[in-house]
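J.: Take the sequence shown: its position 68, counting from 1, is numbered 82 in this note's numbering, and each next residue is one higher. We treat Cβ as the ideally placed atom computed from N, Cα and C, and that holds for glycine. Keep in mind that this is a model prediction, so the values were computed, not measured.
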Amino acid sequence: MPQLTIQLDCPLYDSFRVQQLAGMFDVPLARKLSERFDVEVPDLAADDWRIGLIVGPSGSGKSTLARQWIGAHLAEPAPWPDDAAVVDGFGDRPIKEITGLLTAVGFSSPPSWIKPYRVLSGGEKFRCDLARALALVGRDAAPAGATPIVAFDEFTSVVDRIVAQIGSAAVAKAIRQRRARCRFVAITCHYDVAEWLEPDWVVDMAARRAERRRLRRPAIELRIGRTHRDTWRLFARHHYLSGQLAPTARCYLATWRDAPVCFCALLPALGRRGHWRISRVVTLPDFQGIGIGLRVAEGIAEQYRRDGNRVNITASHPALLAHCRRSPLWRAVRVVKTGRRSPTFLKHYRASAGRAVVSFEYLGQQPAAGEHAL
15 MPQLTIQLDC PLYDSFRVQQ LAGMFDVPLA RKLSERFDVE VPDLAADDWR IGLIVGPSGS
75 GKSTLARQWI GAHLAEPAPW PDDAAVVDGF GDRPIKEITG LLTAVGFSSP PSWIKPYRVL
135 SGGEKFRCDL ARALALVGRD AAPAGATPIV AFDEFTSVVD RIVAQIGSAA VAKAIRQRRA
195 RCRFVAITCH YDVAEWLEPD WVVDMAARRA ERRRLRRPAI ELRIGRTHRD TWRLFARHHY
255 LSGQLAPTAR CYLATWRDAP VCFCALLPAL GRRGHWRISR VVTLPDFQGI GIGLRVAEGI
315 AEQYRRDGNR VNITASHPAL LAHCRRSPLW RAVRVVKTGR RSPTFLKHYR ASAGRAVVSF
375 EYLGQQPAAG EHAL
């Protein structure tokens, strides 16, 4: 691999105390304020990678390398408005692109999209920063015909490690599935995100070496069981519909490492014996972006199907609709366009007119040709 020479220089602000310190500890000032080293780097122009990682301890030169090597692609942090919703912090991007990017990085709670950035949790802020970096830098920084590169410094540095790992998996999924149309370089001091990010190459600043590799993301093993309806209180504010939960709902909780992750509730379909509908699926924000909610819903629906029941889900959330439309496990059975136009004096305002609400029925795993279902 090619090598890049990095020169680290720090200015010397000479003073009496600085000279005293140099004398007390025999510090060679000039030598301690300058360092030069070579580091292996991959070829950014190659088209055989989607995700890269620059990792190393604090002070190892990660940010300096990034500025010298891929500085044109570095996402520069910018303040968020205090008096506007998160969705209004993306410039002139269309709303579908904004919500798509927020969902892609694992921030898929519409109730939180209308909040100002300053009231969000640390994990939600991290995902908003990431979504805006992909939106504002990725498209504008690439030459014509090239896949843009977005580099994100201090990646996961200010969030707890569960959020860091799930957030890494979410952005990796978005990049691999082309929902974020760019290549991505994470710059961090945390080695624990590597297997969750699954980079195509890693530049380890501790070893000054680049390595081509693709780690496997660790498995997430969820436990799903019946739960009391009071559990809904933990999830209600993150749901995009009413926080109300029907008294007759059958409630399920999915946990990971003994922590609550996802809530799912089912109701019997009126007038149809053995027919159920999923009325609520909510994943807590720290665990969004990697498909946990729908995997939980499908796991429960599969068990109901094996017991001789039918299961439907009706929703308007773009991520859920996209998944069910692509998946052979579901078939669309009803599509309704809801909403209405606003009064004529609000000519440029459109309420929920044209919003699609789609009902899907769960089909389950179908037997291959020549096989018989048990």
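(1) Whole beta strand (DSSP E) runs in the segment 32-88 with 3 or more residues, listed along the chain?
(2) Assign C142 to one of three DSSP states: helix, strand, or coil.
(3) Please go through the same chain and pick out, in chain order, the residues whose beta-carbon is closer than 7 Å to the beta-carbon of P71, but skip the five residues on each side of it.
(4) Apply the 10 Å Cβ neighbour rule to Y27 and answer buried if 16 or more other Cβ atoms are within range, or exposed otherwise.
(5) Starting from the C-beta of G303, find all residues in its chain whose C-beta is less than 8 Å away, skip the five residues before and the five after it, and write them out in chain order.
(6) Please name the residue, chosen from S293, L88, H337, G307, that lies closest to D167 on a Cα-to-Cα basis.
(7) Does the segment 101-118 come close enough to the segment 239-253 to have 3 or more Cβ pairs within less than 8 Å?
(8) DSSP state of C338, grouped into three classes?
(9) Taking the C-alpha atoms as reference points, what is the distance between E9 and T19?
(10) Please check the pair R339 and A346, which I expect to be a contact at CB under 8 Å, by giving their CB distance rounded to whole angstroms.
(11) Quick check on DSSP: helix, strand or coil for L26?
(12) How far does the alpha helix (DSSP H) with A329 in it reach, from first residue to last?
(13) Go ahead and label D218 buried or exposed: buried means 16 or more other beta carbons lie within 10 angstroms of its beta carbon, across all protein chains shown.
(14) For A194 versus L144, is the C-beta distance shorter than 7 Å?
(15) Assuming P274 is part of the beta strand (DSSP E), what are its boundary residues?
(16) Rounded to the nearest angstrom, what separates L255 and V296 at their Cα positions?
(17) Which residue comes first and which comes last in the beta strand (DSSP E) that contains I201?
(18) Return yes when the Cβ of R237 is within less than 7 Å of the Cβ of W210, no when it is not.
(19) Helix, strand or coil: how does DSSP classify S126 here?
(20) If you draw a straight line from the C-alpha of W290 to the C-alpha of A98, how long is it?
(21) Assign F359 to one of two classes, buried (16 or more other C-beta atoms within 10 Å of its C-beta) or exposed (fewer than that).
(22) Three-state secondary structure (DSSP) at I234?
(23) Could you tell me which of P56, Q33, T78 sits nearest to S48, measuring between CA atoms?
(24) Going by C-alpha distance, which of G137, F301, P16, P42 is nearest E54?
(25) Here's a check: name, in chain order, each residue in its chain whose Cβ is nearer than 8 Å to the Cβ of V199, leaving out the five neighbours to either side.
(26) For the beta strand (DSSP E) containing L343, name the first residue and the last one.
(27) Any idea what DSSP makes of V185, helix, strand or coil?
(28) Tell me which residues share the same chain as W94 and place their Cβ nearer than 8 Å to its Cβ, disregarding the 5 neighbours each side in the sequence.
(29) What span of residues does the alpha helix (DSSP H) with I112 cover, start to end?
(30) In angstroms, rounded to a whole number, what distance separates the CA positions of L267 and K76?
(31) Over what stretch of residues does the alpha helix (DSSP H) that includes R320 continue unbroken?
(32) Going by CA-CA distance only, name the one from G313, P261, I234, R240 that's closest to I176.
T.: So, from the listed chains and residues:
(1) Runs of the beta strand (DSSP E) lying entirely within the segment 32-88 and spanning at least 3 residues, in chain order: 48-54, 65-69.
(2) The answer is helix: DSSP assigns C142 an H, G or I state.
(3) C203, A220, listed in sequence order.
(4) Y27 counts as exposed, since fewer than 16 other beta carbons sit within 10 angstroms of its beta carbon.
(5) Sequence-distant partners of G303 (beyond 5 residues in either direction) whose C-beta falls short of 8 Å from its own C-beta, in its chain, are T117, A118, V119, G120, F121, S122, R141, I180, G181, A183, A184, V185, K187, A188.
(6) Minimum Cα distance to D167 is reached at L88.
(7) With contact defined as three or more Cβ pairs closer than 8 Å, the segment 101-118 and the segment 239-253 are not in contact.
(8) Of the three classes helix, strand and coil, the one that applies to C338 here is helix, per DSSP.
(9) The chain is shown from 15 up to 388; residue 9 falls before or after that span and cannot be answered.
(10) Indeed, because the Cβ distance is near 7 Å, the residues count as touching under 8 Å.
(11) L26 carries a coil assignment under DSSP once its states are collapsed to helix, strand and coil.
(12) Note, A329: premise wrong, no alpha helix (DSSP H); beta strand (DSSP E) at 324-329.
(13) Buried is the call here.
(14) Taking 7 Å as the Cβ cut-off, A194 and L144 do not qualify as a contacting pair.
(15) Its beta strand (DSSP E) spans residues 273-282.
(16) Cα atoms of L255 and V296: separation of roughly 11 Å, rounded to the nearest angstrom.
(17) Here the beta strand (DSSP E) through I201 covers 197-202.
(18) Judged by their CB atoms, W210 and R237 are not nearer to each other than the 7 Å cut-off.
(19) Here S126 sits in helix by DSSP.
(20) Cα to Cα, W290 sits roughly 40 Å from A98.
(21) Interpretation of F359 is limited by its pLDDT of 40, a score under 50 that renders its predicted location unreliable; the figure taken from the coordinates is listed afterwards. By the neighbour-count rule (16 or more Cβ atoms within 10 Å), F359 is not buried but exposed.
(22) In the three-state scheme derived from DSSP, where H, G and I count as helix and E and B as strand, I234 is classed as coil.
(23) Answer by Cα proximity: T78.
(24) Closest by alpha carbon: P16.
(25) Closer than 8 Å at Cβ, skipping near neighbours: I65, G66, L67, I68, A80, I84, H87, I163, V164, A165, F166.
(26) Counting along the chain, L343 sits inside no beta strand (DSSP E), nor does DSSP assign it H or E at all.
(27) Here V185 carries a helix assignment [DSSP, helix/strand/coil].
(28) Here the set comprises V100, G103, P130, Y131, R132, C142.
(29) Following the DSSP letters along the chain, one finds I112 inside the alpha helix (DSSP H) bounded by residues 109-118.
(30) Their backbone Cα atoms lie some 41 Å apart in a straight line.
(31) Where R320 is concerned, the enclosing alpha helix (DSSP H) stretches over 306-320.
(32) When each option's Cα is compared against that of I176, the closest is I234.
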